[in-house]
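**Q** One structure follows; several queries about it will come next.
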Amino acid sequence: MSTSSSAASKIVVYLVLIVCALPVVFPLYYAFIGGIMTPSDLASYPPKLLPTAIDVGNYASALDTIPLARQYLNSAIQTGIVTICQLLSSVLAAYAFAFLRMWAKTAMFALFMVTLMVPWEAIILPNYLLISDLGLTKGPLTYLGLTLPFLAHAFGTFLLRQSFLQFPIEVRDAAVMDGCGHLRFLWRILLPLSKPAIAAVGVYVFMTTWNQYFWPLILGNDDQYKTLQIGVSMLNDAESSSPTLILAGVTLALLPTLVLVIFGQRFIIRGLTAGAVK
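Just so you know, the sequence shown maps onto residues 1 to 278 in the UniProt record's numbering.
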């Protein structure tokens, strides 16, 4: 009796999870299916959930209509620089707030966290004026303009600090007494034990940077340095644009983040819950 009731409860749980997942999964599914549909299939009523004919030419047309390959590279360069620099700055700052004995460390950390309360929209104009005055909106220097305001962020520092606080301070003190310096302790001991939290921060930074739209939009005066998100919006304005073409471009833009979430999901969950039991 208990076995049958347990199986029934599991079935109910799975059904509820499927219903909750549908609003998230179905738009992704339809974006992919729409990208390989013919325009007549996509415009049919009622909407078709499966294409009558597969047209992979939409992806080739999207790549030919605008320089999506170049924009892919631009997004990869921007995302790579921001992710690496944020991880580096977050690790060092989190280590300082977790282990170093400093005057007014708690107050400094609280002041550091206050920056999370400042909306990006409030500082986007000063940032743009500064980047423009520095001449970082033209030519290859555009990459520096795209990345400079995002090289450090308080969220990654907060998450890694919470993870570092799980490490016994006695072990840190013992390592120091044995002649282990800060960098050696960080590189040889702390970082290998904090891989889930570091991976979670890396995935978060990658996704938020890859999906940036407004900052690359106002900074990208040169078409050669526009990012992929801007390119997808340009498909809507192209003369040969069609809904299937736009959905193909959207699918291409979503592909890296989808792959990252699918394969990095366990790191995200473990990393975000690392400091929950402190």
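Note that beta-carbon positions come from the ideal geometry of N, C-alpha and C, so glycine has one too. Just so we're clear, the structure is a prediction, and the values are computed from it rather than from any experiment.
For the candidate residues I268, G249 and L92, whose alpha-carbon lies nearest to that of L228?
**A** G249
**Q** Which whole-angstrom value describes the C-beta separation of S89 and L151, a residue pair presumed to lie in contact below a C-beta threshold of 8 Å?
**A** 6 Å
**Q** Can you give me the C-alpha to C-alpha distance between F97 and S6, rounded to a whole angstrom?
**A** 47 Å
**Q** Where does S242 fall in DSSP's three states?
**A** coil
**Q** State the DSSP-derived secondary structure class of F185, mapped to helix, strand or coil.
**A** helix
**Q** Tell me the rounded alpha-carbon separation between I36 and V56.
**A** 5 Å
**Q** Take the Cβ of Y59 as the centre, count every other Cβ of all protein chains shown within 10 Å, and call the residue buried at 16 or more, exposed below.
**A** Y59 comes out buried.
**Q** Please list the segments of the alpha helix (DSSP H) lying wholly inside the segment 137-212, counting only runs of 4 or more residues, in order along the chain.
**A** Whole alpha helix (DSSP H) segments, 4+ residues: 142-147, 154-164, 169-177, 182-185 and 195-210.
**Q** Specify, as a first and last residue, the run of the alpha helix (DSSP H) that Q78 falls within.
**A** L68 to F99
**Q** Measure how close the beta-carbons of F82 and G156 come, nearest whole angstrom, since I'm counting them as under 8 Å.
**A** The sequence given here places Val at residue 82; Phe does not occur at that position. About 11 Å; that fails the 8 Å criterion.
**Q** Would you identify the three-state DSSP class for S44, choosing helix, strand or coil?
**A** Secondary structure at S44: coil, using DSSP grouped into helix, strand and coil.
**Q** Considering only the beta carbon of each residue, do L252 and A62 sit closer than 8 Å?
**A** yes
**Q** Would you identify the three-state DSSP class for residue 300, choosing helix, strand or coil?
**A** For the chain, the structure presents residues 1 to 278; residue 300 sits outside this window and is missing.
**Q** What residues in its chain sit with their C-beta under 8 Å from that of S75, if we drop five residues either side in the sequence?
**A** Same-chain partners within the cutoff: W210, T227, L228 and Q229.
**Q** What residue from Q78, L260, I246 and K195 has the CA that sits closest to G145's CA?
**A** Q78
**Q** Quick one: give me the first and last residue of the alpha helix (DSSP H) that D133 is part of.
**A** W120 to D133
**Q** By the three-class DSSP mapping on this structure, what secondary structure does K278 have?
**A** Interpretation of K278 is limited by its pLDDT of 49, a score under 50 that renders its predicted location unreliable; the figure taken from the coordinates is listed afterwards. In this structure, K278 counts as coil in the three-state DSSP scheme.
**Q** Helix, strand or coil: which one does DSSP assign to I262?
**A** helix
**Q** Applying the criterion that 16 or more other CB atoms from any shown protein chain within 10 Å of the CB defines a buried residue, is I269 buried or exposed?
**A** I269 counts as exposed, since fewer than 16 other beta carbons sit within 10 angstroms of its beta carbon.
**Q** Answer yes or no: do I246 and L235 have a C-beta to C-beta separation smaller than 8 Å?
**A** Yes, these two residues count as a Cβ contact at 8 Å.
**Q** In its own chain, which residues sit with a C-beta less than 6 Å from the C-beta of A93, not counting the 5 before and 5 after it?
**A** Once the five neighbours on either side are set aside, the close Cβ partners of A93 are T157.
**Q** Quick check on the DSSP output: the alpha helix (DSSP H) that includes T65 runs from which residue to which?
**A** G57 to T65
**Q** Look at M207 and L260 and say whether their C-beta atoms are less than 8 Å apart.
**A** yes
**Q** Whether or not the segment 187-200 and the segment 158-171 are in contact is what I'm after, with contact meaning three or more pairs of Cβ atoms, one per stretch, closer than 8 Å; do they touch?
**A** yes
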